[in-house]
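Protein sequence lines correspond, in order, to chains V and C.
Heads up, the first sequence is in the UniProt record's numbering, so the first residue is 1 and it goes up one at a time.
Heads up, the second sequence is in the UniProt record's numbering, so the first residue is 1 and it goes up one at a time.
Step one of this worksheet: look at the structure below.
There are 2 protein chains.
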Amino acid sequence: MTAINRVERIMEGFDPKIHGLDEDFVLTKLTKMKGCGCKVPRDVLLQLLQTFKTDLVINNDEVDIGLDSCVIPLRHPGLRLVQTTDFFYPLVDDPYIMGRVTCANVLSDLYAMGVSECDNMLMLLGVAVDLNESQRDIIVRLFIQGFKDAADEAETKIRGGQTVRCPWLLLGGVATSVAHETEIIKVDRAVPGDVLVLTKPIGGQVAVNSYEWLKNKNGKIEELNLDESKIRKAFKQVCEQMSRLNRNAAKLLHKYEAHASTDVTGFGLLGHAENLARVQKENVEFVIDKLPIIEYMDEIADRMIENGGEGFRLFEGRSAETSGGLLVALSERSAKAYIDELSSLDHAPAWIIGRVVEKSDDSVARIVGDAIRQSIISPL
Amino acid sequence: MTAINRVERIMEGFDPKIHGLDEDFVLTKLTKMKGCGCKVPRDVLLQLLQTFKTDLVINNDEVDIGLDSCVIPLRHPGLRLVQTTDFFYPLVDDPYIMGRVTCANVLSDLYAMGVSECDNMLMLLGVAVDLNESQRDIIVRLFIQGFKDAADEAETKIRGGQTVRCPWLLLGGVATSVAHETEIIKVDRAVPGDVLVLTKPIGGQVAVNSYEWLKNKNGKIEELNLDESKIRKAFKQVCEQMSRLNRNAAKLLHKYEAHASTDVTGFGLLGHAENLARVQKENVEFVIDKLPIIEYMDEIADRMIENGGEGFRLFEGRSAETSGGLLVALSERSAKAYIDELSSLDHAPAWIIGRVVEKSDDSVARIVGDAIRQSIISPL
């Protein structure tokens with residue numbers, strides 16, 4: 001089977017009927033939570049994980065729970081096991097694109113550590129119990145095809161996994177690399193003077209949810225007086241960026257000697273900035289002064305806030321992303337070259353969104369009050 | 001925190017009140033499927049996995065989907081990545097024991113390949129959405145403690161994972177070893193004349209389900225005229241064997257030069273015998289002539305069949321096991337020594353249950369019509 005073109009597929013949109021499903025079949029109705037928004041809140045999680053007595057720091061080149069991937073010195077000299085897992089629920093209706101996004105999202109945790117070669121992937125699948133057999137077969141086949149095409153693009157293979165029945169459609173994977181220590185970026189070396197680069201705009205949760213409002217005709221669109229065509233456009237934009245591998249961004253971390261990096265997912269831009277800032281060896285704070293946002297998503301958040309809502313806490317950097325970009329700290333000079341080269345490889349922009357400063361109080365990361373909001377149009 | 005004694009814990013039984021839960025709190029009510037019984041049926045799975053175009057055979061020392069763990073030659077000479085994942089639903093009410101069982105069940109897939117050193121574990125957790133916060137914290141803490149104690153016993157560490165909200169409580173893990181090729185048993189070398197050894201009795205699904213009938217007071221106990229105390233005893237027996245690591249069984253595969261091995265889980269004794277027999281290099285059939293069954297579970301299955309039921313297809317070898325024993329093919333002489341040494345290490349018996357013969361027709365594995373049923377009393 002030849003790989004399906006990801007971008008063409010997104011632009012076409014998903015017609016359930018073409019694939020043998022009912023006209024009104026909606027994948028995302030098979031779950032009540034979406035993508036990385038399904039994560040158990042960070043504070044709850046940390047409390048529950050106390051059993052492991054983990055410091056959430058880097059010791060002797062070993063990274064435990066708390067960063068993107070765990071990194072484990074092996075019994076074999078110079079080698080490290082780098083490993084990550086993620087699973088979540090459908091947030092787009094095309095099972096093929098959902099497979100792509102799931103695979104890209106799992107791989108992203110390796111890429112965040114600069115590890116660009118994945119040695120193996122496992123696929124995790126919970127098949128929704130209220131699907132009939134025909135629906136199940138169609139959806140699972142499309143999902144697997146998408147997952148596999150993304151794995152092929154990443155030059156890795158899927159060689160195991162588990163499939164169970166579950167009330168919700170559950171999608172995930174495990175990515176593993178046995179890497180030489182030199183293949184792994186040390187992510188704890190940010191210094192004052194570094195700048196922060198982000199490789200995909202934020203606003204994914206707003207894009208996915210506003211598209212849901214459209215589909216569900218729940219009155220939200222009218223209530224907030226939103227532009228339907230702009231929402232549809234933003235949805236395609238987020239599908240493209242969620243299914244885009246962060247692999248080039250990872251490879252360039254080495255070339256431009258990045259000092260720290262992570263990927264932006266369920267805890268939002270600021271949540272992941274905090275996680276990364278906390279493990280730095282130097283006494284630093286990450287200060288974000290620019291927010292690149294998927295076009296029109298800032299307007300939606302603004303209107304929600306005007307109506308007394310929280311606007312997904314987008315401007316606070318707490319809005320969940322799924323398969324978001326890398327957040328990288330590197331020298332200012334390297335940053336410009338990093339962005340230029342990445343943009344030409346991925347045909348999509350990246351931005352300097354802040355800087356690393358000396359830590360002056362308890363804050364490890366913050367978004368300044370007058371942060372510039374930049375509306376990012378789709379590269380499609 | 002010191003490790004909890006697994007056997008004492010099982011013998012005590014689980015009192016929800018002691019742990020701050022309501023008296024009538026029943027963990028297994030958080031899901032409609034149990035343990036490895038939740039697997040998507042094998043034929044459906046194989047059909048769906050066709051996208052991967054996998055042969056389910058062993059090529060160039062690489063094991064893909066189809067056996068217990070995948071085995072992948074690495075970029076580093078002599079080294080293999082051995083990896084497995086599993087997740088399922090609670091089938092016992094003590095979250096601590098459930099953590100033990102989950103960890104033992106995942107590790108078992110490494111042990112089935114003779115790999116006794118696990119380099120890393122990831123923990124997968126879906127937290128049931130209809131738990132309140134207090135219930136959630138109690139259950140998750142107990143579960144993690146059990147998972148960790150089992151990992152400690154296995155001399156490995158948990159260094160990552162994912163936690164999501166899910167309608168059902170979902171429990172699982174990933175076990176990974178970067179092993180030298182000599183640490184891995186070649187599992188495709190069974191020859192006619194070998195005998196088959198099983199290291200834990202079957203009947204787990206019967207034990208877990210009949211115990212559910214007791215708890216749910218659904219009339220099944222009366223209908224089948226069953227002995228409550230025998231069911232309670234069998235339940236403790238199955239808890240003990242599900243939470244018992246197959247690690248000693250794995251180590252001894254090397255010492256006694258096993259020719260083939262797998263672990264018995266969701267597809268039942270015969271299902272896994274078939275999977276293993278299919279990948280053998282020689283033209284062999286696995287013939288099972290003895291069925292060691294947890295005490296009283298054969299009687300329950302018999303009564304169900306008398307009443308027109310299927311008796312979980314126990315005597316056909318199709319009844320699901322969770323964290324079941326290893327099924328091993330080795331020379332007759334080695335088998336006796338293997339059993340003796342394993343029994344003394346694990347304080348639990350093992351049995352020769354059949355033999356490897358030359359294949360004469362399409363059958364790769366079968367249970368003979370007059371197979372001897374052996375009732376296995378608890379080693380507790």
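Virtual Cβ for every residue (Gly too), placed ideally from N, Cα, C.
Asked                                                                                                                                                                                          : Found
Terminal residues of the continuous alpha helix (DSSP H) containing V:Ala175?                                                                                                                  : Careful: V:Ala175 lies outside any alpha helix (DSSP H), inside the beta strand (DSSP E) at Leu170 to His180.
With H, G and I counted as helix, E and B as strand and the rest as coil, what does DSSP make of C:Glu240?                                                                                     : helix
In three-state DSSP terms, what is C:Cys118?                                                                                                                                                   : coil
Helix, strand or coil for V:Gln374, going by three-state DSSP, please let me know.                                                                                                             : strand
Throw me the rounded Cβ distance for the C:Ala258 and C:Ala329 pair, which I believe falls under 8 Å.                                                                                          : 7 Å
Could you tell me which chain V residues have their CB closer than 8 Å to the CB of C:Pro201, listed as they occur along the chain?                                                            : Here the premise fails: no neighbours, minimum Cβ distance about 25 Å.
In the DSSP assignment, what are the bridge partners of V:Pro73?                                                                                                                               : V:Arg80
Rounded to the nearest angstrom, how far is the Cβ of C:Ile376 from that of C:Ile293, given a contact under 8 Å?                                                                               : 6 Å
Between the alpha carbons of C:Asn59 and V:Ala151, how many angstroms are there, rounded?                                                                                                      : Reliability of the predicted coordinates at C:Asn59 is poor, the pLDDT of 44 falling under 50, and the value obtained from them is presented with this limitation in mind. Straight-line Cα distance between these residues: approximately 20 Å.
How would you write the range of the beta strand (DSSP E) that C:Phe147 sits in, first residue to last?                                                                                        : Looking at the DSSP string, C:Phe147 is not in any beta strand (DSSP E); the run it does join, the alpha helix (DSSP H), is Glu133 to Glu153.
Name the chain V residues whose beta carbon is nearer than 7 Å to that of C:Asn120?                                                                                                            : Cys70, Ile72, Leu81 and Gln83
Pick out whichever of V:Ser116, V:Glu183, V:Val140 and V:Glu117 has its Cα sitting closest to the Cα of V:Leu124.                                                                              : V:Val140
Would you report the Cα separation of V:Glu228 and V:Val7, rounded to the nearest angstrom?                                                                                                    : 21 Å
Helix, strand or coil: which one does DSSP assign to V:Pro90?                                                                                                                                  : coil
If we require 3 or more residues per run, which beta strand (DSSP E) segments fall completely within the region 252-336 of chain V?                                                            : 260-263, 284-294 and 326-330
Look at the alpha carbon of C:Gln205 and the alpha carbon of C:Leu91, and state the distance between them as a whole number of angstroms.                                                      : 9 Å
With a threshold of 8 Å, are at least 3 pairs of Cβ atoms found where one atom belongs to the region 307-318 of chain C and the other to the region 335-343 of chain C?                        : no
Strictly by DSSP, which residues pair up with C:Trp213?                                                                                                                                        : The partner list for C:Trp213 (beta bridge, DSSP) is empty, contrary to what the question assumes.
For V:Gly13, count the other beta carbons within 10 Å of its own beta carbon; 16 or more makes it buried, fewer makes it exposed. Which is it?                                                 : exposed
How about V:Lys215 and V:Val26: are their beta carbons less than 8 Å apart?                                                                                                                    : yes
Grouping DSSP H, G and I as helix and E and B as strand, with all else coil, what is V:Ile18?                                                                                                  : helix
Quick one: is C:Leu345 buried, meaning 16 or more other Cβ sit within 10 Å of its Cβ, or exposed?                                                                                              : exposed
Find the residues of chain V that neighbour C:Thr176, judging by a C-beta separation of less than 7 Å, and give them in chain order.                                                           : Leu81, Gln83 and Thr176
How many Å lie between V:Ile305 and V:Glu299 at the Cα?                                                                                                                                        : 10 Å
Excluding five sequence neighbours on each side, which residues of the same chain lie with their C-beta closer than 7 Å to the C-beta of V:Glu341?                                             : Leu252
What residue does the beta strand (DSSP E) around V:Val357 start on, and which one ends it?                                                                                                    : Trp351 to Glu358
What does V:Arg366 pair with, by DSSP beta-bridge criteria?                                                                                                                                    : V:Val287
Can a CB atom of chain C be found closer than 8 Å to the CB of V:Phe267?                                                                                                                       : no
When DSSP builds the beta bridges, which residues end up paired with V:Ala128?                                                                                                                 : V:Cys166
Closest Cβ-Cβ distance between V:Val164 and chain C: below 8 Å?                                                                                                                                : yes
Nearest to V:Arg247 by CA position, among V:Ser343, V:Gly268 and V:Arg355, is which residue?                                                                                                   : V:Ser343
If the criterion is Cβ atoms closer than 8 Å, does the pair V:His19 and V:Leu171 meet it?                                                                                                      : no
Can V:Thr84 and V:Asp94 be called in contact, C-beta distance under 8 Å?                                                                                                                       : no
Take C:Gly317 and list the residues in its own chain whose beta-carbon comes closer than 6 Å to its own, dropping the five residues that flank it on each side.                                : Gly268, Leu269, Leu270 and Ile367
Count the other C-beta atoms from every protein chain shown that fall within 10 angstroms of the C-beta of residue 381 of chain C, then say buried if there are 16 or more, exposed otherwise. : Residue 381 of chain C lies beyond the range of chain C shown here (1 to 380); nothing can be said about it.
Along the region 312-324 of chain V, where does the CB come closer than 8 Å to a CB of chain C? Name the residues.                                                                             : none
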